[in-house]
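Participant: Oh and the sequence shown: position 130 is 130 in full-length UniProt numbering, straight run, nothing missing.
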Amino acid sequence: EDMELRWFRSKFSEAVFIYQNRQEQKEEQLAGYAGRASLVRDFLSQGEAAVRIRQVQVSDNGLYTCFFRKGVFYEEASLELKVAGVGSAPEVRITGPEEDGIRVLCTASGWFPKPQVQWRDGSGEKFLAFSEAHTQDAEGLFSVEAALVVRDRSVGNVTCSVLNPVLGQEKAMAIFIPEPFFPQASPWKVAFLVSLTVLMLLVLGAGCYIRREHSIKLREMEEKRHLWQAKEEARQTKEKALQDRAELQAQLNWRKDVYLAGWKKAQLYADWRTEKFQPRPVTLDPGSAASSLVVTHEKTSVTRKNTGVNPGDMDSVLGFEDISSGRWYWEVEIKDGDGCEWALGVCRKDVKREGWCKECPEKGFWLVGKYSDKYFVHTAQYTELSLRQFLHRVGVFLDHEEGDVSFYNMTDG
């Protein structure tokens with residue numbers, strides 16, 4: 001997909017859609033197509049660089065050019081997009097007598113392009129003489145108003161049809177013209193006016209009734225929707241409260257179990273932490289090891305050579321892995337012999353290893369160790385630990401976000 005695809009209108013800079021560097025480029029895209037134009041990826045493998053335009057508007061009508069380039073090869077092609085829309089069905093009504101006939105009016109709106117209007121009688125014959133006017137709204141859609149004077153008393157039904165010339169789709173509406181409506185003597189005019197007035201009143205009354213019923217239904221639906229929404233919010237709030245309560249109760253029960261377990265509480269807490277922390281395998285870095293230390297081939301354990309010399313300033317080894325986020329733990333197995341001294345823990349990446357007895361939190365080290373058969377926490381003054389048994393397996397828990405380092409006896413608490 002290392003290619004450039006550009007669809008544009010009359011100018012190269014009037015971009016409808018740009019695909020380059022394997023992603024859509026929106027900087028040069030015309031504002032009118034933002035969020036509406038997208039690449040149809042399904043056809044790329046078939047050599048078709050198609051773009052889909054959603055929410056089609058009248059302004060989309062016209063000429064488009066597709067420019068394609070891959071490497072030194074490029075090509076372009078143009079096509080014309082014809083936008084078409086079918087609007088409302090025509091409304092036909094009698095407006096009154098005119099000259100020696102009856103004037104009927106046909107109106108329709110929301111069409112594109114400009115629709116074609118045709119009048120027909122009951123037998124399908126076309127009326128050739130009628131007036132027609134078109135208007136265009138802000139969105140570019142057309143409205144049409146066509147007037148016809150019917151002079152034949154026996155015509156009966158008159159049909160007005162509106163046709164979309166691009167789609168070939170048509171909508172029609174018919175109206176029946178009673179013969180007594182046609183101009184006669186003076187009494188006819190009175191009858192016509194009375195009938196027309198009554199008809200208009202009936203239409204207005206029916207319209208008001210329908211509108212009122214519709215408003216009532218809409219109001220009822222809105223009230224039901226608000227009621228349902230309130231019930232749903234209350235249900236979700238209740239479920240959330242119950243869930244929070246259950247979680248708090250479970251945590252409380254756990255804490256009670258931990259703190260009431262007596263001498264086993266440390267082991268239980270360590271087991272709980274292993275569920276919350278991710279295991280992290282540690283690989284030793286032989287390059288960081290002192291010359292007196294021997295790292296195994298698997299880089300998972302280290303021993304000290306029996307040189308007969310006291311530990312020096314650099315008798316330590318670091319792990320390969322850096323930890324910059326998350327919660328992690330690992331376990332260290334200690335093969336403790338008589339007179340064995342050791343220390344283990346974590347340190348910052350930028351620390352300076354100055355000496356066996358100088359490593360403390362103030363200098364970026366968090367360690368526990370054994371010296372003279374006693375266990376200590378590495379602090380500025382060294383803090384002795386009261387343990388019932390020797391340590392054989394120590395769990396190191398590091399919570400980077402909280403800045404917390406914990407050590408646990410993973411054998412028996």
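Heads up, the beta-carbon is just placed ideally off N, CA and C, and yes, glycines get one too. Please read all numbers here as calculations on a predicted model, not as lab measurements.
If you follow the beta strand (DSSP E) that Leu5 is in, where does it begin and where does it stop?
Facilitator: Residues 4 to 8.
Participant: What is the DSSP secondary structure of Leu318, reduced to helix, strand or coil?
Facilitator: Coil.
Participant: Is it right to say Gly262 is buried, meaning 16 or more other beta carbons lie within 10 angstroms of its own, or is it exposed?
Facilitator: Residue placement at Gly262 cannot be trusted, given a pLDDT of 47 that sits under 50; what the coordinates show is reported in the next sentence. Exposed, by the Cβ-count rule.
Participant: Count Cβ pairs between the region 142 to 157 and the region 70 to 84 that sit closer than 8 Å; are there 3 or more?
Facilitator: Verdict: no, contact absent.
Participant: Are the CB atoms of Val86 and Leu167 within a distance shorter than 8 Å?
Facilitator: Yes. Within cutoff.
Participant: Between Ser316, Arg103, Gln251, which has its C-alpha nearest Leu148's C-alpha?
Facilitator: It is Arg103.
Participant: Using only alpha-carbon positions, find the residue among Gln229, Arg327, Ser59 that is nearest to Lys276.
Facilitator: Minimum Cα distance to Lys276 is reached at Arg327.
Participant: In angstroms, rounded to a whole number, what distance separates the CA positions of Lys264 and Leu387?
Facilitator: Unreliable placement is indicated for Lys264, whose pLDDT of 48 sits below 50; the coordinate value is still reported in the next sentence. Between Lys264 and Leu387, the C-alpha separation is close to 13 Å.
Participant: Sort out for me which residues DSSP pairs Tyr408 with in a bridge.
Facilitator: Answer by DSSP bridge pairing, in chain order: Gly395.
Participant: Determine whether the beta carbon atoms of Phe112 and Val83 lie at a separation below 8 Å.
Facilitator: Going by C-beta atoms, Phe112 is nearer than 8 Å to Val83.
Participant: If you count every other CB in all the chains shown that lies within 10 Å of the CB of Asp100, and 16 or more means buried, which is it?
Facilitator: That one is exposed.
Participant: Can you give the Cα-Cα distance for Lys26 and Ala37, rounded to whole angstroms?
Facilitator: One C-alpha to the other measures close to 10 Å.
Participant: Between Gly339, Gly35, Gly319, Asp336, which has its C-alpha nearest Val346's C-alpha?
Facilitator: Selected option, being the one with the closest Cα: Gly319.
Participant: Measuring alpha carbon to alpha carbon, tell me which residue in Tyr408, Glu402, Lys352 is nearest Tyr375.
Facilitator: Ranking Tyr408, Glu402, Lys352 by Cα distance to Tyr375 puts Tyr408 first.
Participant: So, for Pro286: in the same chain, excluding its five sequence neighbours on each side, which residues have a beta-carbon less than 8 Å away from its beta-carbon?
Facilitator: Excluding positions up to five away in sequence, the list reads Val295, Lys299, Val317.
Participant: What separation, rounded to the nearest whole angstrom, lies between the Cα atoms of Phe9 and Gly71?
Facilitator: The question names Phe, but residue 9 is Arg in the sequence shown. Between Arg9 and Gly71, the C-alpha separation is close to 24 Å.
Participant: Tell me the rounded alpha-carbon separation between Gly369 and His392.
Facilitator: If I take the Cα positions, the gap works out to 12 Å.
Participant: Return the first residue and the last residue of the beta strand (DSSP E) that Asn157 is part of.
Facilitator: Looking at the DSSP string, the run of the beta strand (DSSP E) that includes Asn157 is 157 to 163.
Participant: Mapping DSSP to helix, strand and coil, what is Gln389?
Facilitator: It is coil, neither helix nor strand.
Participant: So, for Leu367: in the same chain, excluding its five sequence neighbours on each side, which residues have a beta-carbon less than 7 Å away from its beta-carbon?
Facilitator: For Leu367, where only same-chain residues beyond five positions count, the Cβ hits under 7 Å are Ala343, Leu344, Gly345, Glu359, His378.
Participant: Give me the Cβ distance between residue 415 and Glu132, rounded to the nearest whole Å; I'm assuming they're in contact under 8 Å.
Facilitator: What the structure shows of the chain is the stretch from 1 to 413, and residue 415 is not part of that stretch, so it cannot be assessed.
Participant: What are the boundary residues of the beta strand (DSSP E) that Gln20 is part of?
Facilitator: Note, Gln20: beta strand (DSSP E), 15 to 20.
Participant: In whole angstroms, what separates the C-alpha of Gly395 from that of Glu239?
Facilitator: Going by the C-alpha atoms only, they are around 38 Å apart.
Participant: I'd like to know whether the C-beta atoms of Thr107 and Val144 end up nearer to each other than 8 Å.
Facilitator: Cβ distance < 8 Å, so Thr107 and Val144 count as in contact.
Participant: Skipping 5 residues on each side, what residues in its chain have a beta carbon closer than 6 Å to that of Gln20?
Facilitator: Cβ within range, chain order: Glu4.
Participant: With burial defined as no fewer than 16 other Cβ atoms inside 10 Å of the residue's Cβ, what is the status of Trp254: buried or exposed?
Facilitator: Its Cβ having fewer than 16 others within 10 Å, Trp254 is exposed.
Participant: Since residue 414 contacts Val51 with CB under 8 Å, what's their CB separation in whole angstroms?
Facilitator: With the chain running from 1 to 413 in the structure shown, residue 414 is simply not present.
Participant: How many Å lie between Arg348 and Glu362 at the Cα?
Facilitator: Their backbone Cα atoms lie some 11 Å apart in a straight line.
Participant: Taking the Cβ atom as the reference point for each residue, do Val282 and Trp330 lie within a distance shorter than 8 Å?
Facilitator: In contact: Val282 and Trp330 (Cβ atoms closer than 8 Å).
Participant: Enumerate, from N- to C-terminal direction, the unbroken beta strand (DSSP E) stretches of 3 or more residues contained entirely within the UniProt domain "Ig-like" (90 to 174).
Facilitator: For the UniProt domain "Ig-like" (90 to 174), whole beta strand (DSSP E) runs of length 3 or above, ordered along the chain, are 91 to 98, 101 to 111, 116 to 121, 131 to 136, 142 to 150, 157 to 163.
Participant: State the start and end residues of the unbroken beta strand (DSSP E) segment that holds residue 428.
Facilitator: It is not possible to answer for residue 428, since the shown part of the chain is limited to 1 through 413.
Participant: Please confirm whether residue 414 and Met173 have their CB atoms less than 8 Å apart.
Facilitator: Here the chain covers residues 1 to 413 and nothing more, so residue 414 does not appear.
Participant: Which partner residues of Tyr74 appear in the DSSP bridge assignment?
Facilitator: In the DSSP output, where bridge partners are listed per residue, Tyr74 has Arg69.
Participant: May I ask whether a heavy atom of the ligand FMN can be found less than 7 Å away from the beta carbon of Pro113?
Facilitator: This structure does not include the ligand FMN; it has no bound ligands of any sort.
Participant: Return the first residue and the last residue of the beta strand (DSSP E) that Lys370 is part of.
Facilitator: Start and end: 365 to 371.
Participant: With DSSP as the reference, label Ser88 as helix, strand or coil.
Facilitator: Ser88: coil per DSSP, three-state reduction.
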